[in-house]
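Residue numbers (the numbering used here): 30 to 814.
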């Protein structure tokens, strides 16, 4: 006999659940926050499932509605605040039956699941079984047909939260760069001890089936040797490792030795290679004082880095959009990222490819396993191999293919300049090219030429090796351009017999190569291949959506903002107006605003006017009046340094304070050149290596061509960059050239700035979007949800 139940009314607004499952990863809280606020913004209700699938099976108070203010401050919190637990019950049909009943009783017909491949597979199984589960619930009398009628379909959207970055089809998973940051911080600290005592350190990092963390840590720290599951070393690796380390210490003068070992490392017969095994080999064979450091779960801890904050936020927003777009026949998607583009990928396709990698490794099919890793992983592995062992005889080119490649820094210093130069030098030495450093930019080149003192010299590996984690520019940089003295610049090019020019820098570097290209007819010395690797915190170089140094700047800025927010929380009811750098590009302000949950962001592209400030002050008043006791959290407003000549940072802070009428107060803060950062972030380090090697390969392709052949090729003066989901070279001139088609010379930025759409996301997640349109959306009405 069927039991009776109170009817479940169809929701007035769609209800979307969010849960985190499997291991925790920094950034998961940002994903939950984004899902909750985007759902509310989309006129839906948001529910959190606490303790993962366990909470889904248990139901009751484990499934709770979250309101707008409930997720305030979550971006800077580590772990997952709604909990994560492995659930054996959900693996059985009986557990999934109970979970389905709990969702129907709550009126939830969509789930956003943030976890690893196992958690996402379970979610897709749940979706496929959903019609049968509902039928069984009715047949057994647990629910009525009337109750299940509005919930005939369950929509599942996946977000990948994993520090291992082991999901196929995506370049990065939520948490992986935060974990890499922990590792690099630890190894950087070990450097000093290793150098002082001439010791070796074997660092064990996480990664049972995926070597991403180990590979990126090796690149970021300049490790001498690396062990990853996908490409185990050949038989006799002990001799190879000892040979390389001996060479590094005796011929190159290295005082420290770093070996990175993934926890899942093994040889080609699948025999485990442990960190202690490596340590014993180095100790016995080389008589090297060696220590082992197992980083363990410290890799999971701490607040998310800038990349994971904006990645989790953008993916959480996209997950809600995917839920609302799904049709009955739409396969469950997982939200991924390729280079710089957020995409939707069929969930089970990604899971299937991920499991194939593990299967190939277990079957000792290592080439096949490596082939299934994404292109970015394979490219980084190639780049590491070509710089970790410079001057390797098997890699040397024939004499007629070798080039004299000049390296110059132009513009303001940026994190990543030194690592990029180091990578270029390492590749040149491996291939037999001659790397030539030009010190102090174009003025240094010309001035020293007049003084008969050469500022151009060959660079040796010993000099550049320590640059792997150093900020700034050790060869010096300058904003001046070659047009200030074309005559002397051309003489220097001829005197030093430059075959190619590698320029690292910001908008000035872009301008310099543009000038050299246009001067080729008058000065044939400039008919050599030239390429720009963008490096500037402003991220304003045409031809790319990412510049070296911008990630370092963002991490430094969010650390500053987190500390400021703590001050604001302690002082209560306080707004901080923080001035960001970036020139006439609002990229840094906007992206940082996304990463710290800013209440408002002012950028040059939009400007500031009195009506905007008036609306924002009303918005702040309403915030403090309706935040349900959360007024100690404090507010942050970011203002780009060039947003307005009239409405300065201090003026905006004073105006807010005046108009607050004592309800709250405001302060101004200017971090200034602190934003340029100290040591480059891991992302800037690894991308410096990848992009620099790409540039060297591009320049190398012109070896043996005549000056006229080179000048006739539009790509002989180019910019390397990330555009959407691709890394590519863009020509400076020609019909498709950047100089005319994509460059706003007056404002020193691209004509089309990809990130401007992020400003809308910042406003949506802060609740400011409705106020800017002159209507109240997020506070008055959301209080009623």
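Backbone N, C-alpha and C fix where the C-beta goes; we use that ideal spot for every residue, glycine too. Keep in mind the model is a prediction, meaning the values are calculated, not measured.
Provide the residue span of the beta strand (DSSP E) that contains residue 510, from first to last.
-> Per DSSP, residue 510 belongs to no beta strand (DSSP E) and is neither H nor E.
By Cβ distance, which residues of its chain are closer than 6 Å to residue 84, with the 5 residues on each side in sequence left out?
-> Counting only Cβ-Cβ distances below 6 Å, and skipping sequence neighbours, we find 78, 91.
6 Å Cβ shell around residue 488 - same chain, five flanking residues per side excluded | For residue 488, where only same-chain residues beyond five positions count, the Cβ hits under 6 Å are 454, 464, 466.
Mapping DSSP to helix, strand and coil, what is residue 757?
-> Strand at residue 757.
Euclidean distance between Cα positions of residue 663 and residue 587 | Between the alpha carbons of residue 663 and residue 587 lies a distance of about 15 Å.
Would a check of beta-carbon distances place residue 609 closer than 8 Å to chain C?
-> Looking at the structure shown, chain C is missing, and only one protein chain is on hand.
Residues of its chain near residue 573, where Cβ-Cβ distance is below 6 Å and the 5 sequence neighbours each way are ignored = Cβ within range, chain order: 563, 750, 751.
Bridge partners - residue 438, DSSP secondary structure assignment = Looking at the DSSP assignment, residue 438 forms a beta bridge with 506, 533.
Going by Cα to Cα distance, which pick from 389, 452, 394, 430 is closest to residue 414?
-> Looking at the Cα atoms, 452 is the closest of the given residues.
Per-residue burial, residue 702 [other beta carbons within 10 Å of its own, 16 or more giving buried] = Residue 702 counts as exposed, since fewer than 16 other beta carbons sit within 10 angstroms of its beta carbon.
In DSSP terms, what residue 669 is bridged to | Residue 669 is bridged to 609.
Mind checking which residues open and close the alpha helix (DSSP H) that includes residue 747?
-> No alpha helix (DSSP H) holds residue 747; the beta strand (DSSP E) holding it covers 746-752.
Go through the region 249-300 residue by residue and report every complete run of the beta strand (DSSP E) that reaches 3 residues or more, in order.
-> Here the runs fully enclosed are 254-256, 286-291.
Cutoff 8 Å; reference residue 242; Cβ partners in own chain excluding five residues on either side = The beta carbon of residue 242 is closer than 8 Å to those of 192, 193, 194, 205, 208, 209, 212, 234, 235, 236, 291, 328 in its chain, skipping five residues each way along the sequence.
Please determine, among 349, 169, 734, the residue with the shortest C-alpha to C-alpha distance to residue 67.
-> With distances taken between Cα atoms, residue 67 lies closest to 349.
What do you get for residue 523, buried or exposed, if any count of 16 or more other CB atoms within 10 angstroms of its CB means buried?
-> Counting Cβ neighbours within 10 Å, residue 523 comes out exposed, since fewer than 16 surround it.
Nonlocal neighbours in the same chain, by C-beta distance under 8 Å from residue 724, ignoring five residues either side = Cβ within range, chain order: 453, 531, 560, 562, 749.
What are the start and end residues of the alpha helix (DSSP H) that includes residue 498?
-> Note, residue 498: premise wrong, no alpha helix (DSSP H); not H, not E.
Simplified DSSP state of residue 794, which is helix, strand or coil = Reduced to three states, the DSSP call for residue 794 is helix.
Report the three-state DSSP secondary structure of residue 318 (helix, strand or coil).
-> DSSP places residue 318 in coil when its eight states are reduced to three.
State buried or exposed for residue 391, treating a residue as buried only when at least 16 other CB atoms are found within 10 Å of its CB.
-> It counts as exposed.
For residue 711, the first and last residue of its enclosing beta strand (DSSP E) | That residue, residue 711, is in no beta strand (DSSP E); its alpha helix (DSSP H) goes 711-729.
Closest residue to residue 352 among 71, 130, 759, 545 (Cα-Cα distance) = When only C-alpha atoms are compared, the closest one is 71.
How about the region 430-447 and the region 726-740: do they share at least three Cβ pairs that are nearer than 8 Å?
-> As far as the Cβ criterion goes, the region 430-447 touches the region 726-740, which means the pair count is three or higher.
First through last residue of the beta strand (DSSP E) which encompasses residue 694 = 694-698 is the extent of the beta strand (DSSP E) around residue 694.
Determine the closest residue to residue 266 out of 296, 655, 284, 116, with distance taken between C-alpha atoms.
-> Comparing Cα positions, the closest option is 296.
Close Cβ partners of residue 33 (< 6 Å) along its chain, the five nearest in sequence each way excluded | Residue confidence is low: residue 33 scores 41 on pLDDT, short of 50, so the model does not pin down where it sits. Its coordinate-derived value is still stated next. Counting only Cβ-Cβ distances below 6 Å, and skipping sequence neighbours, we find nothing.
Please classify residue 49: does DSSP put it in a helix, a strand, or coil?
-> Residue 49: strand per DSSP, three-state reduction.
Note down the Cα distance separating residue 484 from residue 412, rounded to an integer number of angstroms.
-> Rounded to the nearest angstrom, the two C-alpha atoms are 29 Å apart.
Among 444, 435, 458, 203, which one has its Cα closest to the Cα of residue 711?
-> The shortest Cα separation from residue 711 among 444, 435, 458, 203 belongs to 444.
The alpha helix (DSSP H) spanning residue 688 covers which residue range?
-> Note, residue 688: alpha helix (DSSP H), 678-689.
Using CA coordinates, which residue listed in 780, 397, 114, 261 is at the minimum distance from residue 51?
-> Among 780, 397, 114, 261, the Cα nearest to that of residue 51 is on 114.
Contacts around residue 781, its chain only, beta-carbon distance under 8 Å, and the 5 residues preceding and following it disregarded = Only 771 meet the Cβ criterion.
In the DSSP assignment, what are the bridge partners of residue 229?
-> Residue 229 is bridged to 286, 319.
Contacting residues, own chain, Cβ-Cβ under 6 Å from residue 870 (five flanking each side not counted) | Residue 870 falls outside the range modelled here, since the chain spans only 30 to 814, and no answer is possible.
Mind checking residue 645: buried by the 16 CB within 10 Å criterion, or exposed?
-> By the neighbour-count definition (other C-beta atoms within 10 Å, threshold 16), residue 645 is a buried residue.
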